[in-house]
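Counted from 1, the sequence shown has number 1443 at position 465 by this note's numbering; the numbering is strictly sequential.
Backbone N, C-alpha and C fix where the C-beta goes; we use that ideal spot for every residue, glycine too.
Source: prediction; values computed, not measured.
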Amino acid sequence: MRTVGAIALSAFAILAATAKCYPTSNDGAVIPSSSTDFWFSQPVDHFGLNNNTWNQRYLFNATFYKPGGPIIMATPGESAISSSLADLTHFNYLAQLTDGLVVLVEHRFYGESNPMPDLSGDSLKYLTVENVLEDFAEFIRAAKSSPEQIFTLPISSDSEVVFGGGSYAGSIAAWMRAKYPDLVVGAWASSAIIKYRLENYQFDQAWGKHLEALGCAQDVATAVEDLDSILLSDNTTAFTELQSKFSFPALSQRDFAALANVFINSAAMAPTTTSGDYTESTVCSYFDGTRSPLDSYAAAVANVVLSGGYTQDSLVQMGDTSIGYEDYALGQSSRVWYYQECAWYGNWQVAPPSSTNLQRYRSQLVDLLYYQPNCINKFGSDIQIPANSGSFDDKWLGLLSGATNIYYSVGAYDIWRNSNALSWDGYVLQNSTHSPIFLIDQATHSQDVASHRVDDLASVILAREIGNNLVQQWLK
């Protein structure tokens, strides 16, 4: 969901979008919105290459704070912060439970937290994991040493910090606890992406498990085979007809294939509830035997395009990788995320190699040759291609080995599950009482840190209860 950027959303943004109402306090009062922006000065580079400073944005909600209560810190990761993201997650309830406050800090180069004047490759070289984590560490140090300057309230200087997040932000939460145990007492890492690969064909395989449970995996795979038979042919008439069925503009075959996968996967991170399964209603329900698998696939994609209000121009901006190379303007979250994929870890969502004999839920045209040339086109020849995914994985997964006070919650049907602490192949990290891993039956992506819903799955409620209890133990 992140590689074709205009549809990219962080887990937090999805949680806020699917929340039904503002959380309430013990007396039933609605928690007020955290709508005031605050700013914290940071160096462009914490490690000496650029000593200029910039302002990092943050929001906080101290509705439930009592002296001695903890600071529940979070970041949306790859999206801008907003009052809804500060107020519409489970972390507000956690603050109520622990007499704490919630502070939401924006990630460098996202939203309005910009260390540099543009998003060129020369500017984005200051986007490193080390700088990102040190930003948050510096904020925590200031919150502990001068809390009245950070929160404009009489906050205790000895308040413990619990870091929480979902998806990439869940990775940040886990890394913060492992790297800075003196600053972070514990981390709630929901659907944390902790396993990195250059070619992440395992991404689709996790989605396939969900499709299998719903009974449409083979139909989707057949549709992809039929799609490729047209995309890999010289039949321009059939390709033109295909574009019309998908409600897509004129794109190259590779761009068409990638954009189709973005839309067919768009339901995968929506919550599964007692009211229904969004993947069932927006994907599998179209494979009802009344039309061919490919026509069913096209109808499902077209439904998302039309119901989402996408225009042909917006689809071109999303899908046409031949444009926008030299658009360095700030505010492009998809460009920043693409840089992280290019420079940090890869994790490219590709079709599985034919040698694996795995079901394909993505066109074989979506491979490294689709993604990697864009890295140099967007960010210049200085960027290393391919990303050193093995080294990145060794370093950051290795950091988590043996770390304590991290709660890894994993959705059984999370499309990112094969990058989580408990993949379909088994444990990626050791499950221990010090850093437990809990599999949330039937859940998708980061559901446990969403705001409470009346139709929450029992497994999601249980996952929250486990997390709540762990946080309270860490704070004792």
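Item                                                                                                                                               : Value
With A1147 as the anchor, note down where its alpha helix (DSSP H) starts and where it stops.                                                      : 1146-1157
In chain order, what residues of the same chain lie with their CB nearer than 7 Å to the CB of P1045, ignoring the 5 residues before and after it? : S1134
Kindly indicate which residue of C1353, I1393, S1013, D1266 has the alpha-carbon position closest to the one of G1193.                             : D1266
By Cβ distance, which residues of its chain are closer than 6 Å to G1445, with the 5 residues on each side in sequence left out?                   : W1166, Y1385
Verify whether the separation of the beta carbon atoms of G1324 and A1390 is less than 8 Å.                                                        : no
Just to confirm before moving on: does the CB-CB distance between Y1104 and A1058 stay below 8 Å?                                                  : no
So what does M1051 bridge to, in DSSP terms?                                                                                                       : V1081, F1141
Under three-state DSSP, which class holds N1352?                                                                                                   : helix
Are V1080 and A1052 closer than 8 Å when you measure CB to CB?                                                                                     : yes
For I1050, which of G1186, Q1127, L1161 has the nearest alpha-carbon?                                                                              : L1161
Are the beta-carbon atoms belonging to Y1036 and L1072 less than 8 Å from one another?                                                             : no
Is the Cβ-Cβ distance between L1435 and I1415 less than 8 Å?                                                                                       : no
Throw me the rounded Cβ distance for the D1077 and S1012 pair, which I believe falls under 8 Å.                                                    : At roughly 17 Å, the Cβ-Cβ gap does not stay under 8 Å, so D1077 and S1012 are not in contact.
Taking the C-alpha atoms as reference points, what is the distance between Y1158 and E1108?                                                        : 12 Å
Considering just the uninterrupted stretch of the beta strand (DSSP E) at Y1385, what are its terminal residues?                                   : 1384-1389
Just confirm the distance between the C-beta atoms of T1422 and T1250, as a whole number of angstroms; I'd bet it's less than 8 Å.                 : 5 Å
Would you kindly report the start and end of the unbroken alpha helix (DSSP H) that includes T1200?                                                : 1195-1209
In three-state DSSP terms, what is P1414?                                                                                                          : coil
So the beta strand (DSSP E) F1038 belongs to, where does it begin and stop?                                                                        : 1031-1039
Within the continuous beta strand (DSSP E) that includes A1441, where are the two ends?                                                            : Here A1441 belongs to no beta strand (DSSP E); instead the alpha helix (DSSP H) covers 1436-1453.
What whole-angstrom Cβ distance do W1185 and Y1339 have, given they're in contact under 8 Å?                                                       : 6 Å
Taking 8 Å as the cut-off, decide whether the C-beta atoms of S1424 and S1060 are in contact.                                                      : no
Taking Cβ positions, are A1278 and K1223 nearer each other than 8 Å?                                                                               : no
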